[in-house]
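K.L.:
Next up is a structure, given as structure tokens.
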Ligand SMILES: Cc1ncc(C[n+]2csc(CCOP(=O)(O)OP(=O)(O)O)c2C)c(N)n1
Ligand SMILES: Cc1ncc(C[n+]2csc(CCOP(=O)(O)OP(=O)(O)O)c2C)c(N)n1
Ligand SMILES: [Mg+2]
Ligand SMILES: [Mg+2]
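Chains as they are written, first to last, in this note's numbering: chain A, 1 to 361; chain B, 362 to 722; chain C, 723 to 1074; chain D, 1075 to 1426.
Quick look at the structure:
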């Protein structure tokens, strides 16, 4: 899987003769665009299958990222993936399916969580969908508690900075959540004089907090303006444009990797199925769809034709259906699992040397 | 006691022929300066008497505002004092003795709290010194918990804005405390589009949080810069200069009273006895003393002579000694007071119709 | 019959109209949504806040200081854990100022499990809340009590927390709220916002009447000499079911106390029943280490140790870090009807 | 003999040198102060943080995720109440990720009353902490245990909270810490920062040895058949004093258990002693509504109801919004030696 380090297009300069797709003054090689497109479509198909599950009773609650793929996929593709401080740490929110698929997660693993199976590698059927956790990829558990990931991000970045190398900490969250003090904490802890930290602070601005429009609660013109007093550079990007997003992410990552200081990106994105299944998970009509927009460009540039687009969608849907079928056939957690994995084994614990086993006996 | 509304000097323009004291391009009438000076000296004398009590065993812990009088006195003099939303609300921190004395508190009442007497009108001997509470003056209880006053301030301002008139909410705190999320909460809640609030956000920047220098933890050039993304105007003022402080406060109050929007003031002040009695409450030598500086000006301008200055100090010390003697002779709270004033009387409470009386019986 | 959440909404309306409520606010509390559980639809003083629970309770305190009468909502009790310092301060303001201030504020929040809420929508809050000295804490288990407790919470001049059992929000009671139309469909039409566009929707409120459930008053919902069952909230109807089943199958009759107020709790009612039966079962779904039910048990041990005929029983949620989404987790984490029934049978049949 | 706070400092030094501690941090934890109680003076990995408890625990979690081994400090437990959500998350990270992550972090914080701390430096935290599933909680009552518990907290790969009884921080023990110089003055000279300028000061650390007090292990500090006294932290020495007095004056001898670990607690030790004596006194200074001591009592009732000879006793802090500065408040808010003594006398002499 192509990840950061493959040079072509990373800096916006295409190789001579290789076909490129252009957006404004920036471009990406056609192959990269195809890869991004396919991942976006797969992310969407997986989420749409999960929405169906939430309505059919094959799952309960759904929340996820349709409308954020134009940003979340380019993000996942550029992550320096691995375990430990030499690699990037990810403190994600619950709309990052595109990122996970781009990093190489299978649909099956995403859907296993939706289906609350014991095989769910993220939480063993414990957590809501989209609440990913992958230690091998430095993805710490996504929690439903809005914004607290911003409070933890400086910690991983401290270790990364001390460790050396170019690993960075990436934290994502929504716009409404920036009203919690944790957003400010992240800025403060990442800019302590002499102890600046390589934290890429990302805000996915969809203009909503559930039913509440951002414009009714937030006076900031741009959320990233809040970084300025702390000397944190940043940019607002059209998250519906994967090419612009790719480059913004690339600039942000490069800055954090090299300067070992924080950077902010505010990605303007859509929320295509409303907040979650609690609000009906209905397809909204009045917000731009990053996949449609990207396809128009790909078609216009002759990088894909209609047939290929259709095929990719069909394949993605089939993959999602198959993953759902497989997941639903897998075993559920049992009563014995309730207490499992509460404690890591400890040589100094007289009561719980291995794991939690109920009240002390 | 002269309070806001006495026009002379409020706008920096002195009456013809009336003697004035000038600082930079601003000035105050000589009478106002004398009044401010006397209050500053009285505040200092009261605090110094309390420090002595903390060392003699007549009290325990001391914390207070020596070094902040140049700002806190002009603040107290300009408060629109009274009870209810037509008047200013004060959410203060623990270094505001100057403000309270300027508002008319007697030294005796300040020292009663230090002496932990039942007669302490702020807390009945319950709270630390400087933890004032005066409902008749809209002073909500000062809590030791850093920064939470900023979270409550929008609430009083909402009622004031709705009530009409020109009452505003004033909130003060230290510099280190702005690292708590509550400082950001105050900015956000005070600038909700269409619901901006008359909150005067004051930060008393003494450059320290206990032993930790601000410059090691804070990247912001000025703390008030954090207000800019929210459209909150503000200014940094030399809190050691009562004339500059007077006018900054006046500008801030006028803006809040008239625009019904927030304003920020960052007052650069000294911390003349260290953090508190826990750090020894020793007189520091390397920070400017606002009283000395002001006296130099008053003397140079011929508004006072040395003898008068001495007399004012002597009177203030005598007043403090007398207050301490009186307070120490007053009764202490008793075992019966432990539960008193937990609950306000309630007509719908079957167990505690009057007050708390221990566990339900 | 109104659902519990409709009852809350009607109480808030009554509060706005007659009891001086000035602000009903929180995340998504105002239009268009009117609360994620619809508790605040159509209320004239309801407004949306920033996503900031600390700001919500802090602002409520400020409003109360300045003479307003706020009802603040935390969308889920699960999201109140960053505000405990402010909750403690709200509880100590009158005390610390030696009686100068009242702080008439209501904080309402859905509590407990039962909505397939996974880790962060299944927490219980009453044990935490009970530790907040200076607060009063109530938790209704049916719509009429919700109405009456909410009205009391509003008129009480102290901070009152209203915990709404998540699992029971859509459950209907068997008693009409004073003024409520007898027909469910009529009520729905009058006060439930329509699906879709609501911009021009206005509720038509029934002519509601004042009805207070006093704070600190339990309800004896079943009577019998065989045992005392103490519960509230989600587990209360389960206890009633268990008691009814036991009566039917074995003819054993028990007192079932719906505590309704967590603090102050109705010690008189508890004490009287325990004195009578000598057998005690306490049930709630909060986690079991340092649980409010254990406090109740302690009081019973303190004052009725020698009245107890057999070992008192207590059924609580397991001490685990969370409740998992797959229902096999929840079913095995919090007390279920079969546990309650078997424990009650054991308790009532044990030889004294 | 070292004071409790010196013991903590030496344990942290040992942790830095031999157990992989990477970061000791919090407000005023680094130079020049080294902690408001001096617990972190002279430690090579100690650093000052912003004044932000949420940032402190969040950062500690991040450091632990990334492979560091942090010891974070909340300056006073009184200032941890805005972080309970993060504490809960720290406790559930391993569980929610189904075992993928460990979170080896230590959070230390002074707890309890006894330093004339008024409203905000007198809180107890163990009852709150005990509700945090996924955490382990310890509270030493003497320097040697503080050293051994801190070392265990450091090597345990789970979040461990070390509650340090404020009132005992400067108290000396009667046993040397392994490697501690026998002479107090020597120790002071070696590891206490001088008053005044410290810029060139460096501690000289004694050659300390590994010493673990296992988590979940109580200490039986007095032995006797007449009653079981269960306590920890500040009230433990008071219980010992009471037991000693009773022995001397009346010849009545009691088991006194220093729990040391709040969670997991040493149920075996409690159970064995209660089986033996049939008489129980539980003492702590936390507020009494929903108190960890009530949980212990509940376990005793659950498993030893029929072993109890007389009504078990419990002495706790009053349910009040705060502890007032004037000592008349504190003396009448938390258990004092005379209460403990008279209750113990009553308990041991009551006719079974
Ligand atoms: C601390 C907290 N408070 C409240 C909630 C309930 N809640 C879930 S999502 C949400 C809105 C989040 O809005 P935003 O941060 O913009 O993210 P988005 O969902 O729009 O991506 C709220 C209020 C929560 N999960 N956590
Ligand atoms: C929430 C909280 N955390 C920690 C403390 C302990 N503490 C008391 S004062 C102080 C430093 C405050 O610094 P600053 O805000 O600059 O105010 P200053 O004392 O300098 O006026 C600290 C850390 C506290 N009182 N509250
Ligand atoms: Mg949003
Ligand atoms: Mg300061």
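Just so it is clear, CB atoms sit at the ideal spot from N, CA and C, and this is done for glycine as well.
Taking just the CA atoms, how far does residue 1313 of chain D sit from residue 1427 of chain D?
P.N.:
Absent from the structure is residue 1427 of chain D, since the part of chain D shown begins at 1075 and ends at 1426.
K.L.:
For residue 888 of chain C, does the count of other Cβ atoms within 10 angstroms reach 16, so buried, or fall short, so exposed?
P.N.:
When all chains shown are included, residue 888 of chain C counts as buried.
K.L.:
With H, G and I counted as helix, E and B as strand and the rest as coil, what does DSSP make of residue 1121 of chain D?
P.N.:
Three-state result, residue 1121 of chain D: strand.
K.L.:
Can you confirm whether residue 1309 of chain D, when its beta carbon is compared against all beta carbons of chain A, has any partner nearer than 9 Å?
P.N.:
No - not a single Cβ of chain A is within 9 Å of the one on residue 1309 of chain D.
K.L.:
So with Cβ pairs under 9 Å, would you call residue 121 of chain A a contact of chain C?
P.N.:
False, the Cβ-Cβ gap to chain C never drops below 9 Å.
K.L.:
Give the C-beta separation of residue 914 of chain C and residue 760 of chain C to the nearest angstrom, bearing in mind that I take them to be a contact with Cβ-Cβ under 8 Å.
P.N.:
That pair is a contact at about 7 Å.
K.L.:
Is it true that the CB of residue 1219 of chain D sits closer than 9 Å to the CB of residue 1334 of chain D?
P.N.:
Going by C-beta atoms, residue 1334 of chain D is nearer than 9 Å to residue 1219 of chain D.
K.L.:
Let me check understanding here. Comparing Cα to Cα, which of A:203, A:144, A:158 lies closest to residue 195 of chain A?
P.N.:
Measuring from the Cα of residue 195 of chain A, the nearest candidate turns out to be A:158.
K.L.:
Just the chain A side, please: which residues come within less than 9 Å of residue 896 of chain C by C-beta, in chain order?
P.N.:
Chain A residues near residue 896 of chain C: none, gap ~28 Å exceeds 9 Å.
K.L.:
Along the chain, which unbroken stretches of the beta strand (DSSP E) at least 3 residues long are found entirely within the segment 548 to 588 of chain B?
P.N.:
As far as the segment 548 to 588 of chain B is concerned, its whole beta strand (DSSP E) runs of at least 3 residues are 560 to 566.
K.L.:
Spell out a yes or no on whether the segment 1147 to 1155 of chain D and the segment 1174 to 1193 of chain D are touching, meaning 3 or more CB-CB pairs, one atom from each, closer than 8 Å.
P.N.:
Contact holds: three or more Cβ-Cβ distances are below 8 Å.
K.L.:
Taking 9 Å as the CB-CB limit, is residue 1161 of chain D close to chain C?
P.N.:
Yes, residue 1161 of chain D counts as interfacial toward chain C.
K.L.:
If you count every other CB in all the chains shown that lies within 10 Å of the CB of residue 87 of chain A, and 16 or more means buried, which is it?
P.N.:
Buried is the call here.
K.L.:
Could you check whether residue 829 of chain C and residue 795 of chain C sit closer than 9 Å to each other, using their CB atoms as the reference points?
P.N.:
For residue 795 of chain C and residue 829 of chain C, yes; Cβs fall inside 9 Å.
K.L.:
Grab the span of the alpha helix (DSSP H) containing residue 40 of chain A for me, first residue to last.
P.N.:
30 to 56 is the span of the alpha helix (DSSP H), which, as asked, contains residue 40 of chain A.
K.L.:
Should residue 745 of chain C be flagged as near chain A, meaning a C-beta pair shorter than 9 Å?
P.N.:
So, not an interface residue.
K.L.:
For a contact defined as C-beta to C-beta under 9 Å, what are the partners of residue 366 of chain A on chain D?
P.N.:
This structure gives no information on residue 366 of chain A, because the portion of chain A shown stretches from 1 to 361.
K.L.:
Give every residue of the same chain whose Cβ lies closer than 8 Å to the Cβ of residue 916 of chain C, excluding the five residues on either side of it in the sequence, and list them in chain order.
P.N.:
Same-chain partners within the cutoff: 923.
K.L.:
Could you tell me the alpha carbon to alpha carbon distance between residue 82 of chain A and residue 138 of chain A, rounded to whole angstroms?
P.N.:
Taking the straight line joining both Cα atoms gives about 6 Å.
K.L.:
Give a single yes or no on whether residue 277 of chain A has its beta carbon closer than 8 Å to a heavy atom of ligand 1.
P.N.:
Incorrect: residue 277 of chain A has no Cβ contact closer than 8 Å to ligand 1.
K.L.:
Which stretch, first to last residue, makes up the beta strand (DSSP E) that contains residue 1360 of chain D?
P.N.:
1354 to 1361 is the extent of the beta strand (DSSP E) around residue 1360 of chain D.
K.L.:
Looking at ligand 3, does it come within less than 8 Å of residue 174 of chain A, judged from the CB to the closest heavy atom?
P.N.:
True, at least one ligand heavy atom lies under 8 Å from that Cβ.
K.L.:
Within 10 Å of its beta-carbon, does residue 282 of chain A have 16 or more other beta-carbons around it, so buried, or fewer, so exposed?
P.N.:
Result: exposed.
K.L.:
Only counting the same chain, and skipping five residues up and downstream in sequence, which positions put a Cβ closer than 6 Å to that of residue 92 of chain A?
P.N.:
For residue 92 of chain A, where only same-chain residues beyond five positions count, the Cβ hits under 6 Å are 142, 172.
K.L.:
Within 10 angstroms of its Cβ, does residue 1162 of chain D collect 16 or more other Cβ (buried), or is it exposed?
P.N.:
Its Cβ being crowded by 16 or more others within 10 Å, residue 1162 of chain D is buried.
K.L.:
Checking the sheet assignment: what are the DSSP bridge partners for residue 1039 of chain C?
P.N.:
Partner(s): C:1009.
K.L.:
Only counting runs of 3 or more residues, tell me where the beta strand (DSSP E) segments fall wholly within the segment 1100 to 1164 of chain D, in order along the chain.
P.N.:
Listed in chain order, the complete beta strand (DSSP E) runs (minimum 3 residues) inside the segment 1100 to 1164 of chain D are 1120 to 1122, 1144 to 1147.
K.L.:
Would you report the Cα separation of residue 989 of chain C and residue 877 of chain C, rounded to the nearest angstrom?
P.N.:
Taking the straight line joining both Cα atoms gives about 23 Å.
K.L.:
Using Cβ-Cβ distances below 7 Å, what residues of the segment 1292 to 1325 of chain D are close to chain A?
P.N.:
Residues: none.
K.L.:
Say whether chain C places a C-beta atom closer than 9 Å to the C-beta of residue 720 of chain B.
P.N.:
It does; some Cβ of chain C falls within 9 Å.
K.L.:
Which residue from C:996, C:1063, C:1010 puts its Cα closest to that of residue 968 of chain C?
P.N.:
Cα-wise, what sits closest to residue 968 of chain C is C:1063.
K.L.:
Is residue 739 of chain C helix, strand or coil when you go by DSSP?
P.N.:
Residue 739 of chain C falls in the helix class under three-state DSSP.
K.L.:
Taking the C-alpha atoms as reference points, what is the distance between residue 22 of chain A and residue 1044 of chain C?
P.N.:
Rounded to whole angstroms, residue 22 of chain A to residue 1044 of chain C spans 48 Å at the Cα level.
K.L.:
Taking the runs of the beta strand (DSSP E) that are 3 residues or longer, which of them lie wholly in the segment 234 to 276 of chain A?
P.N.:
Those beta strand (DSSP E) runs which fall completely within the segment 234 to 276 of chain A and span 3+ residues are 234 to 238, 263 to 268.
K.L.:
Roughly how many angstroms lie between the CA atoms of residue 725 of chain C and residue 964 of chain C, to the nearest whole one?
P.N.:
If you take the alpha carbons of residue 725 of chain C and residue 964 of chain C, they lie about 23 Å apart.
K.L.:
Show which residues of chain B have a CB atom less than 7 Å away from the CB atom of residue 1412 of chain D.
P.N.:
Neighbours of residue 1412 of chain D on chain B: none; closest Cβ ~13 Å, over 7 Å.
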